[in-house]
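K.L.:
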Amino acid sequence: MLVKSPYILYSDGAGNIFEDKTLYVTGRSGWDAVPVPVEDWIELPSGGNLYELPGRRGIGIDVKTGEMRLCDKGWAVAAFIPPAHTGLYMAAYETLDDAPVLPLFCYTAAGWQEEKFFVPAVRIEADIRQECE
Numbered sequence: 000m001l002v003k004s005p006y007i008l009y010s011d012g013a014g015n016i017f018e019d020k021t022l023y024v025t026g027r028s029g030w031d032a033v034p035v036p037v038e039d040w041i042e043l044p045s046g047g048n049l050y051e052l053p054g055r056r057g058i059g060i061d062v063k064t065g066e067m068r069l070c071d072k073g074w075a076v077a078a079f080i081p082p083a084h085t086g087l088y089m090a091a092y093e094t095l096d097d098a099p100v101l102p103l104f105c106y107t108a109a110g111w112q113e114e115k116f117f118v119p120a121v122r123i124e125a126d127i128r129q130e131c132e
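Per numbering that gives the first Met the number 0, the sequence shown starts with residue 0, numbered consecutively.
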């Protein structure tokens, strides 16, 4: 279990993803960026993918001041989680004026900590293989 929120992720636009250790990830609830409770984070499940969100800057919480601000190092990053899971918070970002339209995917918040990717999600479907053992 995590003891603090993961760091925000950003993309360089060339398929590379990095963490910004000056910002914790926020999630979007409705139109608002909000802190994600530590207990809501799980490791990105097998089958999950990360996506860059071109023309968008992620919104994070400054690790020193606690204030929300944009990650201006690159494009925001979000996760697609497998169907057996439900995301609890969408990726929080600010869209720039010239941003392209995104496909209609579920863009779940994502972060990095302890050498792993994390998402705010819950598993909603049992793994039948484990129940049969």
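Just so it is clear, CB atoms sit at the ideal spot from N, CA and C, and this is done for glycine as well.
Just the C-alpha distance for L72 and D11, rounded to the nearest angstrom, thanks.
P.N.:
First, the amino acid is wrong: residue 72 is Lys here, not Leu. Taking the straight line joining both Cα atoms gives about 8 Å.
K.L.:
Cα separation between E66 and A83?
P.N.:
34 Å
K.L.:
Count the other CB atoms, across all protein chains shown, that sit within 10 Å of the CB of F104; report buried if there are 16 or more and exposed otherwise.
P.N.:
exposed
K.L.:
Under the three-state reduction of DSSP, which class applies to E18: helix, strand or coil?
P.N.:
strand
K.L.:
For T25, which beta-bridge partners are listed by DSSP?
P.N.:
DSSP, once it has assigned bridges, lists P34 as partnering T25.
K.L.:
Just the C-alpha distance for P53 and A75, rounded to the nearest angstrom, thanks.
P.N.:
Cα to Cα, the separation comes out at about 7 Å.
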